[in-house]
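Listed in order, the protein sequences are those of chains C and E. Be aware that the first sequence starts at 512, since it is given in this note's numbering, and climbs by one per residue. Be aware that the second sequence starts at 3, since it is given in this note's numbering, and climbs by one per residue. Positions of the beta carbon are idealized from the N, C-alpha and C atoms, including for glycine. Since we're looking at a predicted model, the values are computed, not measured. Here's the structure, in structure tokens; my notes come after.
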Amino acid sequence: MILLQTIIHHVYFLLSAVVAVLLLTRLFRRRSRPGIAYDIVYVYTLIPFILRALHIK
Amino acid sequence: MTTTTTVQAEAPRQEGPREGRTTLVLVRRLVLLAGAVLLMVSGTREIRALRAYEETVVVSEAFTRQVMLSHWFDGIAGTRMDTPVYVFDSGVGGGSVLLLGGAHAYEPASPLTAYMAMENIRVTRGRVFVIPRANRSASTLGMLGNAYPPFFRIRTAWGEKKYKIGDRETHPLEQWPDPFTFVHYPSTQNLAYQDSRNLNRTFPGRADGNLTERTSFAISEMIRREKIDMTIDVHEASLGYPVVSTYVCHQRADELCMMASMVLSAEQFPMKTETSPTSLRGLTHREIGDFTNSFAVLMETPEPFIEKFAGPMTEELMMTGRDEFVQTAATRGLLYTEYDIKTGATMDYRVGRHLSGALEVIKQMGEFYPAKAIGVTWPTYAEVMKNGSGHYLHDPQKADGRRVFKN
């Protein structure tokens, strides 16, 4: 049970890291919606995922 | 065809309008990313400071040893829930008591009471165990969404001493995700989801439960194995909470609490007493009483800072407890304790109440059960109100290094 809880707990950090990498990739490589407004949205959305992946927040 | 190709390849390369725009977009995105990094670094400065900060305590000469809680249950070893336990053993028979501080880290008079006891304690009979940060993880997290200041400071003759204002629950970095509904063990009572991280909803704990349940289990194990006669869990409450300024006691400790409450109310400050409800599961005053032989007592002081309707959440409000909205509620008879904005509910008042409240109930245990008597002193309510909390906190720079600890 403890092992399962630990795995699930760490999967959340892993998922945060995966989403952060996806957002970062899309910030620089995307075909649609290239405007600055979307750049800002991508960058801003990235923050909580990076903070969680780095165990800061 | 071949010649033309050669000429084109050798011509100086010039950036077209399309390539120039691409470079501009790349620079723009890099600048935005740099801004986000800057925002992350500057915006989390307080968060990182709170997470890393360690409180200093200079224990009194009565100090015997420091042991980590995982000594009694290794299921929390190596985690941020493992917390130091300080033992003050007189070497003379008698009873034993556990002073449990910081179960809810956003009630900071609780750990401060424990620290002040530890810095000034004298024990002539029996043993005293102190856990100043029962939920150590919660002390590293600011109260989510409430804009609490991360620290408060106590002024002393030698400078300021800084303490943390934490959260109610275990940090999500230590325990996540929360269940949809938290099912309390072993009663199977359904509690709110966030109570799975609330140390004072997970007692008596379970060895293979979540991290907070395992911590509760470790504390219960310590009480059982050390045969601790009385457990005093120190809290603070909103003034609109019925058990504010109250002892909440397991039924086995009822008589002790009633006597202590009468003595305190007659001689020092108003103190109510209430029997722990049997249907309210997971709390120390219920589960430690049911699952160990210890007399389980919980104490609450009035903390205007945690009122939902109080004004700005500032360090000043934390220290003075003066708030006009709380006064309005008091004037309209909506509170469960006395309140006057002129005096507020200062940190000295709250800590002093706890120190004397604990001493009185320990004394009553000795009166009712002489074999469990404990000879213990630390600053009283009257002394703290007269001299201030800072008077009883010692300078770690001038203290014997063997008596200085970080929490």
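Legend entry - Distance CB(V299(E))-CB(Y249(E)) smaller than 8 Å: Position 297 of the second sequence, counting from 1, holds the residue named residue 299(E). Position 247 of the second sequence, counting from 1, holds the residue named residue 249(E). Their beta carbons are under 8 Å apart, which means V299(E) touches Y249(E) by this criterion.
Legend entry - Residues near S72(E) by beta carbon distance below 6 Å, same chain, minus five either side: Residue numbering aside, residue 72(E) sits at position 70 when the second sequence is read from its first letter. Closer than 6 Å at the Cβ level, and outside the excluded window around S72(E), lie I78, A79, D84.
Inset, instruction - Whole angstroms is fine: what's the gap from L26(E)'s alpha carbon to K400(E)'s? - result: Within the second sequence, residue 26(E) is the residue found at index 24, counting from 1. Within the second sequence, residue 400(E) is the residue found at index 398, counting from 1. Approximately 60 Å between the Cα atoms of the pair.
Legend entry - Cutoff 8 Å: V552(C) Cβ touching any chain E Cβ: By 1-based counting over the first sequence, the position of residue 552(C) is 41. No - not a single Cβ of chain E is within 8 Å of the one on V552(C).
Legend entry - R129(E) to L41(E) span [Cα, whole Å]: The residue given as residue 129(E) occupies position 127 in the second sequence. The residue given as residue 41(E) occupies position 39 in the second sequence. Whole-angstrom Cα-Cα distance: 50 Å.
Legend entry - Bridge-paired residues (DSSP) for P304(E): Your numbering for residue 304(E) matches position 302 in the second sequence. DSSP output for P304(E) lists A239(E) as bridge partner(s).
Legend entry - Enclosing alpha helix (DSSP H) for F75(E) [first to last residue]: Locating residue 75(E) in the second sequence gives position 73, counting from the first residue. Per DSSP, F75(E) belongs to no alpha helix (DSSP H) and is neither H nor E.
Legend entry - Residues of the segment 526–539 of chain C whose Cβ lies closer than 9 Å to any Cβ of chain E, in chain order: Residues L535, L538, F539.
Inset, instruction - Would you identify the three-state DSSP class for T7(E), choosing helix, strand or coil? - result: Mapped onto the second sequence, residue 7(E) falls at position 5. For T7(E), the predicted structure reports a pLDDT of 46, less than 50, and the residue's modelled location is therefore unreliable. The matter cannot be settled from this model.
Inset, instruction - Going by DSSP, name the residue or residues bridged to M232(E). - result: Along the second sequence, read from residue 1 onward, the residue named residue 232(E) stands at position 230. DSSP output for M232(E) lists V99(E), F297(E) as bridge partner(s).
Inset, instruction - Please report how far the alpha carbon of T330(E) lies from the alpha carbon of S267(E), in whole angstroms. - result: Here residue 330(E) refers to the residue found at position 328 of the second sequence. Here residue 267(E) refers to the residue found at position 265 of the second sequence. Cα-Cα distance, rounded: 25 Å.
Inset, instruction - Identify the contact partners of I167(E) in chain C, using a Cβ-Cβ distance below 9 Å as the criterion. - result: As a working note, residue 167(E) is residue 165 in the second sequence. Those within 9 Å of I167(E) in chain C number zero; the least Cβ separation is about 17 Å.
Inset, instruction - Can you have a look at P181(E) and say buried or exposed, based on whether 16 or more other CB atoms are within 10 angstroms of its CB? - result: Taking the second sequence and counting its residues from 1, the one referred to as residue 181(E) is at position 179. With a threshold of 16 other beta carbon atoms within 10 Å, P181(E) falls short and is exposed.
Legend entry - Extent of the continuous beta strand (DSSP E) to which K164(E) belongs: Taking the second sequence and counting its residues from 1, one reaches residue 164(E) at position 162. DSSP places K164(E) in the uninterrupted beta strand (DSSP E) bounded by 161–166.
Inset, instruction - Starting from the Cα of D342(E), find the closest Cα among V328(E), L201(E), D169(E), Y351(E) and give me that residue. - result: Mapped onto the second sequence, residue 342(E) falls at position 340. Of V328(E), L201(E), D169(E), Y351(E), the residue nearest in Cα terms is V328(E).
Legend entry - 9 Å Cβ cut-off: residues of chain C touching P179(E): Position 177 of the second sequence, counted from the start, is the residue given in the question as residue 179(E). Those are I519, H520, Y523, listed as they occur along chain C.
Legend entry - At least three beta-carbon pairs within less than 8 Å, the segment 307–326 of chain E to the segment 340–354 of chain E: yes
Inset, instruction - Just the chain C side, please: which residues come within less than 8 Å of D1(E) by C-beta, in chain order? - result: Nothing about residue 1(E) can be read from this structure; chain E reaches only from 3 to 409.
Inset, instruction - Closer than 7 Å by C-beta to T115(E): which residues in its own chain qualify, once you throw out the five before and the five after it? Chain order, please. - result: The residue labelled residue 115(E) in the question sits at position 113 within the second sequence. The answer, listed in chain order, is G103, V236, V353, H356, L357.
Legend entry - Outcome for F297(E) when other beta-carbon atoms lying within 10 angstroms are tallied against a minimum of 16: Counting from 1 along the second sequence, the entry for residue 297(E) is found at position 295. Buried, because 16 or more other Cβ atoms sit within 10 Å of the Cβ of F297(E).
Legend entry - Outcome for S44(E) when other beta-carbon atoms lying within 10 angstroms are tallied against a minimum of 16: What you label residue 44(E) is simply residue 42 of the second sequence in a count that begins at 1. Flag for S44(E) reads exposed.
Legend entry - Contact under 8 Å by Cβ, L562(C) with T316(E): Here residue 562(C) refers to the residue found at position 51 of the first sequence. Here residue 316(E) refers to the residue found at position 314 of the second sequence. No; because the gap between Cβ atoms is not below 8 Å, this pair is not in contact.
Inset, instruction - Check the C-beta distance from A375(E) over to G96(E) and give it rounded, since I have them as a contact under 8 Å. - result: Here residue 375(E) is taken as the residue at index 373 of the second sequence, counted from 1. Here residue 96(E) is taken as the residue at index 94 of the second sequence, counted from 1. A375(E) to G96(E), Cβ: 5 Å. Contact.
Inset, instruction - Can you give me the Cβ contacts of T4(E) inside the same chain, cut-off strictly under 7 Å, excluding the 5 residues immediately before and after it? - result: Counting from one through the second sequence, the residue named residue 4(E) turns up at place 2. With a pLDDT of 43 at T4(E), under the threshold of 50, the modelled position of that residue is not reliable, and no figure is offered here.
Inset, instruction - Buried or exposed for H106(E), please, with buried defined as at least 16 other CB atoms from any protein chain shown within 10 angstroms of its CB. - result: Position 104 of the second sequence, counted from the start, is the residue given in the question as residue 106(E). Looking at its Cβ environment, which holds 16 or more other Cβ atoms inside 10 Å, H106(E) is buried.
Inset, instruction - Could you tell me if A111(E) is buried or exposed, where buried requires 16 or more neighbouring beta carbons within 10 angstroms of its beta carbon? - result: Looking up residue 111(E) in the second sequence gives position 109. Flag for A111(E) reads buried.
Legend entry - Within chain C, the residues that I49(E) reaches when beta carbons sit closer than 9 Å: Sequence index remark: in the second sequence, residue 49(E) carries index 47 (1-based). L562, I567, K568, listed in chain order.
Inset, instruction - Whole angstroms is fine: what's the gap from L34(E)'s alpha carbon to L533(C)'s? - result: For the purposes of this step, residue 34(E) is identified with residue 32 of the second sequence, where counting begins at 1. For the purposes of this step, residue 533(C) is identified with residue 22 of the first sequence, where counting begins at 1. Computed Cα separation, rounded: 17 Å.
Legend entry - Assigned exposure category for A262(E) - 16 Cβ within 10 Å defines buried: The residue given as residue 262(E) occupies position 260 in the second sequence. Buried: at least 16 other Cβ atoms inside 10 Å.
Inset, instruction - Express the C-alpha separation of V406(E) and L143(E) in angstroms, rounding to a whole number. - result: Taking the second sequence and counting its residues from 1, one reaches residue 143(E) at position 141. Taking the second sequence and counting its residues from 1, one reaches residue 406(E) at position 404. Their backbone Cα atoms lie some 24 Å apart in a straight line.
Inset, instruction - In angstroms with no decimal places, state the Cα-to-Cα distance between P381(E) and A119(E). - result: In the second sequence, the residue the question calls residue 381(E) occupies position 379. In the second sequence, the residue the question calls residue 119(E) occupies position 117. Cα-Cα distance, rounded: 7 Å.
Inset, instruction - Look at the Cβ atom of Q366(E), then the Cβ atom of L282(E), and state whether they are nearer than 8 Å. - result: Here the question's residue 366(E) lines up with position 364 in the second sequence. Here the question's residue 282(E) lines up with position 280 in the second sequence. Going by C-beta atoms, Q366(E) is not nearer than 8 Å to L282(E).
Legend entry - Nonlocal neighbours in the same chain, by C-beta distance under 7 Å from T275(E), ignoring five residues either side: Start at 1 with the first residue of the second sequence, and residue 275(E) comes out as number 273. Result list for T275(E): T248, Y249, C251, C259, M260, S263, in chain order.
Legend entry - C-alpha gap between L101(E) and Y187(E), whole angstroms: Taking the second sequence and counting its residues from 1, the one referred to as residue 101(E) is at position 99. Taking the second sequence and counting its residues from 1, the one referred to as residue 187(E) is at position 185. The straight-line gap from Cα to Cα measures roughly 24 Å.
Legend entry - Buried versus exposed call for E48(E) [16 or more other C-beta atoms within 10 Å across all chains shown]: Position 46 of the second sequence, counted from the start, is the residue given in the question as residue 48(E). It is exposed - the Cβ of E48(E) has fewer than 16 other Cβ atoms within 10 Å.
Legend entry - Classification of W74(E) by the beta-carbon crowding that lies within 10 angstroms, buried from 16 upward: Residue 74(E) sits at position 72 when you count from the first residue of the second sequence. Buried.
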